[in-house]
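Scroll down for the structure; my scribbles are underneath it.
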Amino acid sequence: MTTDTGAELQRDPEGRLRHFLTLEGLGRDELEQLLDLAQFYVRTPGDMPPRDQTLAGRTVANLFFEPSTRTRVSFELAARRLGADVVNLDLQSSSRVKGETVLDTIYTLQAMLVDVFVMRDAEPGLPAYVAQHVAPHACVLNAGEAHVSHPTQGLLDTLTIRQRKGDLRTTSVAIVGDILHSRVARSTGTALLALGVGELRLVSPASLMPEAGELADASRYHSLADGIRGADVVMALRIQHERIPDSASLDIDAFNREWGITAENLRYAKPDAIVMHPGPMNRGVEITNEVADGPQSVIRQQVSNGVAVRMAVLATIVRNVQARNVEAGRRAG
Amino acid sequence: MTTDTGAELQRDPEGRLRHFLTLEGLGRDELEQLLDLAQFYVRTPGDMPPRDQTLAGRTVANLFFEPSTRTRVSFELAARRLGADVVNLDLQSSSRVKGETVLDTIYTLQAMLVDVFVMRDAEPGLPAYVAQHVAPHACVLNAGEAHVSHPTQGLLDTLTIRQRKGDLRTTSVAIVGDILHSRVARSTGTALLALGVGELRLVSPASLMPEAGELADASRYHSLADGIRGADVVMALRIQHERIPDSASLDIDAFNREWGITAENLRYAKPDAIVMHPGPMNRGVEITNEVADGPQSVIRQQVSNGVAVRMAVLATIVRNVQARNVEAGRRAG
Amino acid sequence: MTTDTGAELQRDPEGRLRHFLTLEGLGRDELEQLLDLAQFYVRTPGDMPPRDQTLAGRTVANLFFEPSTRTRVSFELAARRLGADVVNLDLQSSSRVKGETVLDTIYTLQAMLVDVFVMRDAEPGLPAYVAQHVAPHACVLNAGEAHVSHPTQGLLDTLTIRQRKGDLRTTSVAIVGDILHSRVARSTGTALLALGVGELRLVSPASLMPEAGELADASRYHSLADGIRGADVVMALRIQHERIPDSASLDIDAFNREWGITAENLRYAKPDAIVMHPGPMNRGVEITNEVADGPQSVIRQQVSNGVAVRMAVLATIVRNVQARNVEAGRRAG
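Chains as they are written, first to last, in this note's numbering: chain A, 7 to 339; chain B, 7 to 339; chain C, 7 to 339.
As structure tokens, then:
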């Protein structure tokens, strides 16, 4: 637990979450409370969306330096269904020459009474940097940070597994593919280990396996068949071409043959194994159409859970900030 | 009536409209109900916009693969004035490599409890393709499909004519110009014929006249003077440069001289003829400023009717889906 | 007061503001009423934003031909906190070939029951041009017009000075830098002179000083030390590279040395002088980080006041239009 990752930085002096930067350092109770609240917000497509006024009167800014329509819409709908006003800022990386410029944008928005900042960036460190500089009443949510962290994705994956498999402590989860460049693998792995998952397996070619120190309690496999044998959950990852140096060097066909999740090799996993993918999919590369759209796929359920998880995180953070303000007022009075 | 155009596809098993893909196959009563509801939502500029809560709690996504600020804003305001949440997705054609990618976007949004999809595309077939794949509770509205179909434009044109001319059965309508590439002409013509318009004339150079099988009950003219002589309604169309192969081959000046609606040649029409244009106008090409801004022009009224028609269509489709859900619940209970 | 600047054009026959195009011609009482109403809407970051329903049911369009995320968001939040619907139109300069095309966009939006147009443009004259053509119930707000005018910025600067310095009549204000190309300097200077500011100084190199006829009651200085000596307010301006012909000819380093506001030369001003900047800052050019982020800086307070001022202007204009409608109704009845 280092300040670098934001694990301490995201807490107020009483230890409550005031930002949401990383899943590192979150305890089992804390994670389960977030998952329980998210579950409360889950609806089936066709139902009316959940609505409450937890964020009524608040203004949320989506600051996406790395474009992602689906995650932006997921956060936007989460905030609006909690009664917030939302402004979207489409920021080109080119407009951010250095950190100072981002802070000027943040301070400008803060002066306009924006107090929730949802940030996505292709470089590491920005959410924590901003969190260190915002006003005490403001909060920062990490919506995807380089290869480092994507904490709401970690929660939504965990929620999906819990819904399908029940007790995590008896569940075996295999994460397959480009783990090295995956913020999803890091955040989901962190959540699962903190919740005492039965088994966490990292399954990838050596060139795409992270250092031994990362997700240290996971077991590591360099063969797909071995890695997913008997698993309850098979999680494919998006090949992160944009983060692979000299990406031409990755042989997509060879990767697909050896590491792609196909109906054939899925038989190594348990018969009732679920298949996950954080999207957007490279269909035909890390996963085939047959599997992505097949009966074991829970990919759309992950997306549904994404809005619910983001509602839970927004509601929790904003309530924590309010609680602190009330206490501060009581001390002052 | 073929499935290709979506005429059957857009109906539920009870025959109610659950999507809005095309005006083909709509009966006179059905069209008149839509027009009557639209008329209920019409306001004069300066009035407060109409408001109701027919779409309260629902989330509408505008998916525009072909950019169109005015149509996007028209649908956005229609949905918001009915109480819906709206998300706009600016999608580049380049981001859609093939249908599968669009479906992934649709399924993702559906999982986020978006259940109304408003789609515009420069290629034919996408709205029907998506309609075939969405969940039973979701619906697709065609906001402009290649040269094929633009059903809400067809309704708003018809509403405008009805407001100005009363009984369509005694009204003579001349559609002038680039009919071949015009989805507006196809949809407006279809609506007018279904409603028993007195006369529908297609007036265009041979190179821009559609095949004889299209709008078969219309009469065809290859001279502007003959075509609009005695007409009650003269509808100019936008030259669709982007759909004319080797568009350099179209001599704009010659087109303007021979087919442009000018104050001078408008005298061939009835003295109280109205002039329409679906916008955006190529001023000085298919229509002169004098006519576009003159006393016979109803172009702004068309735009006003556009929001009203979109409110009527959204309200109708969503009510039909709700009715089906209630019936399904009754059968299940 | 000429029609060119919009000073007369922005008033209805009874002399009330129906547009907000320029601060020219506004009297002291009128300015103070706007500032008082803006003060009513001021909140401290951390407070809930002010809310009322003055614009409930109305639709505001932001038409920005010159991109500006911060000003667009400021107007968007101002309008939404007054209960309006807001649509943003991102318009490329390229899409506006000539005024007629802008008018077609305006008329289209007006037909959709949009009745408040917020416009920013890099060329002079557009807001007044549009104001001359909109319907009687519609209004135009200038959100920045070339080098000519930025009236809400003028008000927010004035409000900030009033909050910090109290009586403007005993306050000395120095505007420093690229005054020639600054719409902010023109609007803020106009407001301060109309309110009887103690002293207004224009401090800039000869090449960036406007003609003698502009802000004629201000004194002019060609040395930074002389210009800010004893001033209560030092206002730095953004170097407007995009408006400086052959901008390569401006030596940024030399400008910074001679005209940049640094902690060192700020000592020429009064010890309690405040430092202002309209943003976005070229840090290290017209202002140093030390000053921008230092204790004398009120730059963030300016931004906060910006939303409040825009709420005040929107509320005032819309109420004036409503009052006129009521009177018109009374006369008609």
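Ideal Cβ placement from N, Cα and C applies to all residues, glycine included.
Bear in mind the structure is a predicted one, so any value in this text is a computation, not a measurement.
- A Cβ-Cβ distance of about 7 Å is found for the pair residue 108 of chain C and residue 132 of chain C, placing them in contact under the 8 Å criterion.
- For residue 271 of chain C, no beta strand (DSSP E) run applies, since DSSP gives it neither H nor E.
- In terms of Cβ geometry, residue 165 of chain B and residue 48 of chain B form a close pair [threshold 9 Å].
- In the three-state scheme derived from DSSP, where H, G and I count as helix and E and B as strand, residue 229 of chain A is classed as coil.
- Shortest Cα-Cα distance from residue 33 of chain A to any of A:45, A:50, A:19 and A:14 involves A:14.
- Between the segment 171-183 of chain C and the segment 150-161 of chain C there are fewer than three C-beta pairs closer than 8 Å, too few to call the two in contact.
- Residues of the segment 116-132 of chain A that bring their beta carbon within less than 9 Å of a beta carbon in chain C comprise 116, 117, 118, 119, 120 and 121, in sequence order.
- The beta carbon of residue 147 of chain C sits closer than 6 Å to the beta carbons of 26 and 124 from its chain, once the five residues preceding and following it are set aside; these are given in chain order.
- Between the C-alpha atoms of residue 177 of chain B and residue 280 of chain B there is a straight-line separation of about 11 Å.
- Rounded to the nearest angstrom, the gap between the Cα atoms of residue 184 of chain C and residue 296 of chain C is 21 Å.
- For residue 197 of chain B, the uninterrupted alpha helix (DSSP H) segment begins and ends at 189-200.
- Put simply, the CB of residue 66 of chain C is far from chain A, with every gap to its CB atoms at 9 Å or more.
- Under a criterion of Cβ atoms nearer than 9 Å, the residues of chain B adjacent to residue 83 of chain A are, in order, 65, 91, 93, 118, 119 and 120.
- When the five nearest sequence neighbours on each side are left out, the beta carbons in the same chain lying within less than 7 Å of the beta carbon of residue 271 of chain C are those of 230 and 231, in order along the chain.
- Residue 139 of chain C and residue 234 of chain B have their alpha carbons spaced roughly 31 Å apart.
- Contacts with chain B (Cβ-Cβ distance below 7 Å) from the segment 303-329 of chain A involve 306, 309, 310 and 313, listed in chain order.
- Following the DSSP letters along the chain, one finds residue 282 of chain C inside the beta strand (DSSP E) bounded by residues 280-282.
- Residue pairing from DSSP places residue 242 of chain A in a beta bridge opposite A:182.
- Counting the other CB atoms within 10 Å of its CB gives residue 24 of chain B a total of 16 or more, which places it among the buried residues.
- Residue-level contact by beta carbon holds for residue 54 of chain C and chain A, with a gap shorter than 9 Å.
- Distances from the CA of residue 145 of chain C to each of C:12, C:224 and C:315 were compared; the closest alpha carbon is that of C:12.
- Annotation: Cβ neighbours of residue 75 of chain C in chain A (cutoff 7 Å, chain order): 95.
- Bridge partners of residue 67 of chain A according to DSSP: A:93 and A:123.
- Taking the Cα positions, residue 211 of chain C is about 21 Å away from residue 196 of chain C.
- Rounded to the nearest angstrom, the gap between the Cα atoms of residue 51 of chain B and residue 39 of chain A is 51 Å.
- Residue-level contact check: residue 338 of chain B does not touch chain A, since none of the beta carbons of chain A fall below 9 Å from its beta carbon.
- Contact check for residue 41 of chain B against residue 318 of chain B passes: the beta carbons are separated by less than 9 Å.
- Across the segment 184-209 of chain C, no CB contact with chain B closer than 9 Å is found for any residue.
- Around residue 175 of chain C, the same chain offers 202 and 204 as residues with beta carbons nearer than 6 Å, after the five sequence neighbours per side are excluded.
- In this structure residue 221 of chain C does not touch residue 182 of chain C by the C-beta definition: roughly 14 Å separates them, more than the 8 Å allowed.
- The criterion of a C-beta distance shorter than 9 Å is not satisfied by residue 179 of chain C and residue 120 of chain C.
- Burial is judged here by how many other beta carbons sit within 10 angstroms of a residue's own beta carbon; residue 219 of chain B has fewer than 16 and is exposed.
- Counting every other CB atom within 10 Å of its CB across the protein chains shown gives residue 81 of chain C a total of 16 or more, marking it as buried.
- For residue 54 of chain B, the number of other beta carbons within 10 angstroms of its own is below 16, and it is reported as exposed.
- As the crow flies, the alpha-carbon of residue 130 of chain A is around 5 Å from that of residue 152 of chain A.
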